[in-house]
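J.:
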Amino acid sequence: MNLACKLLASFLLIFFFSSKGAVSKKNITILGALECDINLDIPAFQMSKHVEDIQWSKGKTKIAKFKNGSMTFQKDKTYEVLKNGTLKIKHLERIHDGTYKVDAYDSDGKNVLEETFHLSLLEMVSKPNISWSCTNTTLTCEVTKGTDFELKLYLNGRMIQKSSRKVLVYKRASNQIASFKCTANNTVSEESSSVVIRCTEKGLDIYLISGICGGGIILFVFLALLIFYISKRKKQNSRRNDEELEIRAHKVISEERGRKPHQIPGSTPLNPAASQPPPPPSHRPQAPGHRPQVPGHRPLPPGHRVQHQQQKRPAPTPGTQAHQQKGPPLPRPRVQPKPPRGATENS
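Here it is in structure tokens:
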């Protein structure tokens, strides 16, 4: 048994005195606390050599017997009879509530003592829980356990409200700094809690603060996801553009390679004139610079003939010039000097 339960049991015992050797039939009321131990002391009784047998019973059921200085019967380990005849009940539960009776007998079997106890059990009160709201200026004091208790609320040391319910609600006049104390007590126990409340006129409620924080977290997550999505799209577009540029470059290179003529080394003719088809058989080969004579046409002098051929020779086209530049240079006709006019007439 702990110290608190021992003090409680001693304080709660109500006994009546009886004369020595007389039989008492008065009821003794005892209050006990749940989950604590208790001793049922026999008032004004002392063990002597004349007392030989002590029997305890609950209702009509015998629970313990003490004879010749030792326990001779014990219903269960919850009950124990001490050497002075006191009944000890361990760890009180609801089933232990009820009426107990003790009988003492001498060596001749004569009943020298009879006492009746009525045990009532109460639940010890829990520690009060104080909560408040700065928005609606209310304070709440609450207990979760206890039997036949009373709540009392103190403001700066002065009691301002009390209640027999488990919840006490107090409406504050202002949000000024104040000290509150809430006590809960019954016959077997007492507990209390104290707080100092500091609120400003423009204070934010805890729910409002929680809502703002939650909204900020959601917004942050949304922005992070948006940035991640945009970055991913940019990377995909950049990769796609790089692939398109690579495909275009490959296509252009392929087209340029297809346009260039496929030439085999050594296949280019050295003399373009040799690649020309031979003249028909009816035409005789003529010396270079020889022109066929037309009937009725007088041949020109050699000097005029060369000039006439140069005048009638068309200018080479760019393509022809390029074609001629590819092969070796063709032989040019020899230009004869123009003889003097007098020499021509004499001949």
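Letter by letter, the sequence shown follows residues -24 to -1, 1 to 323 of mature numbering (1 follows the signal peptide of the UniProt record, and there is no 0).
Quick reminder that beta carbons are idealized off the backbone N, C-alpha and C, glycines included.
1) Just reading off the beta strand (DSSP E) that D126 is part of, what are its end residues?
2) Shortest alpha-carbon distance to residue 325 belongs to which of K103, C189 and S150?
3) Count Cβ pairs between the region 87 to 95 and the region 61 to 76 that sit closer than 8 angstroms; are there 3 or more?
4) Mapping the DSSP letters down to three states, classify N213 as helix, strand or coil.
5) Nearest to L68 by CA position, among L58, S170, K53 and C117, is which residue?
6) Please report the straight-line C-alpha distance between F204 and G190, rounded to a whole angstrom.
7) Which same chain residues end up closer than 8 angstroms to T114 when comparing Cβ atoms and leaving out the 5 residues on each side of it in sequence?
8) Starting from F93, follow the beta strand (DSSP E) in both directions and report where the run begins and ends.
9) Cα separation between L98 and V88?
10) Could you check which residue in Y81, G234 and S165 has the C-alpha nearest to that of K25?
11) Between which two residues does the beta strand (DSSP E) holding N151 run?
12) Comparing C-alpha positions only, which one of M47, V197 and R70 sits nearest to L63?
13) Start and end of the beta strand (DSSP E) containing Q22?
14) At which residues does the beta strand (DSSP E) containing C117 begin and terminate?
15) Sorted by chain position, which residues of the same chain lie with C-beta nearer than 6 angstroms to I153's C-beta, five sequence neighbours on each side aside?
16) State the DSSP-derived secondary structure class of S227, mapped to helix, strand or coil.
17) Distance check for M100 and S165, CA to CA, integer angstroms please.
18) Below 7 angstroms CB to CB, which residues in the same chain sit around V171 once its five sequence neighbours on both sides are set aside?
19) When the Cα atoms are used, what is the spatial distance from D84 to K51?
20) Leaving aside the five residues before and after I30 along the sequence, list all residues of the same chain whose C-beta is less than 6 angstroms from its C-beta, in chain order.
21) Between which residues of its own chain and S140 is the CB-CB distance below 7 angstroms, once the five residues before and five after are set aside?
22) If we require 3 or more residues per run, which beta strand (DSSP E) segments fall completely within the region 160 to 207?
23) What number of angstroms, rounded off, separates the C-alpha of R215 from the C-alpha of K208?
24) Please state whether the Cβ-Cβ distance between S102 and K128 is less than 7 angstroms.
25) Since K66 and D13 should fall inside the 8 angstroms C-beta cutoff, what is the C-beta to C-beta distance between them, to a whole number of angstroms?
26) Which residue wins for smallest C-alpha separation from Y55, given the options M23, T123 and N15?
27) Is it right to say L221 is buried, meaning 16 or more other beta carbons lie within 10 angstroms of its own, or is it exposed?
28) Using DSSP's beta-bridge definition, name the partner residues of I65.
29) With distance defined between alpha-carbon atoms, name the residue in M23, I71, K34 and A9 nearest to N44.
30) Helix, strand or coil for D73? Go by DSSP, reduced to three states.
31) What whole-angstrom Cβ distance do T123 and L7 have, given they're in contact under 8 angstroms?
32) Tell me which same chain residues have a C-beta within less than 7 angstroms of the C-beta of S243, skipping the five on either side of it?
33) D218 to I185, Cα distance in whole Å?
34) Which residues bound the beta strand (DSSP E) around D29?
T.: Answer, in terms of the structure:
1) The residue asked about is misnamed: residue 126 is Glu in this sequence, not Asp. First-last of the beta strand (DSSP E) with E126: E126 to L131.
2) Only positions -24 to 323 of the chain appear in the structure, and residue 325 is not among them; the question remains open.
3) yes
4) helix
5) K53
6) 21 angstroms
7) W108, V145, Y146, K147 and R148
8) N87 to L98
9) 33 angstroms
10) Y81
11) From DSSP, N151 is part of no beta strand (DSSP E); its letter is neither H nor E.
12) M47
13) Taken as a continuous stretch (DSSP letters only), Q22 belongs to no beta strand (DSSP E), as it is neither H nor E.
14) T114 to E118
15) R174
16) The sequence as given places Lys at residue 227; Ser does not occur at that position. In this structure, K227 counts as helix in the three-state DSSP scheme.
17) 5 angstroms
18) I106 and F156
19) 26 angstroms
20) F42, G61 and A80
21) E126
22) 166 to 173
23) 11 angstroms
24) no
25) 5 angstroms
26) N15
27) exposed
28) I14 and Y55
29) M23
30) coil
31) In fact, because the Cβ distance is near 10 angstroms, the residues do not count as touching under 8 angstroms.
32) Any answer about S243 is weak, because its pLDDT of 48 lies below 50 and its placement is not dependable; what the coordinates show is given next. Answer for S243: no residue qualifies.
33) 50 angstroms
34) V27 to K34
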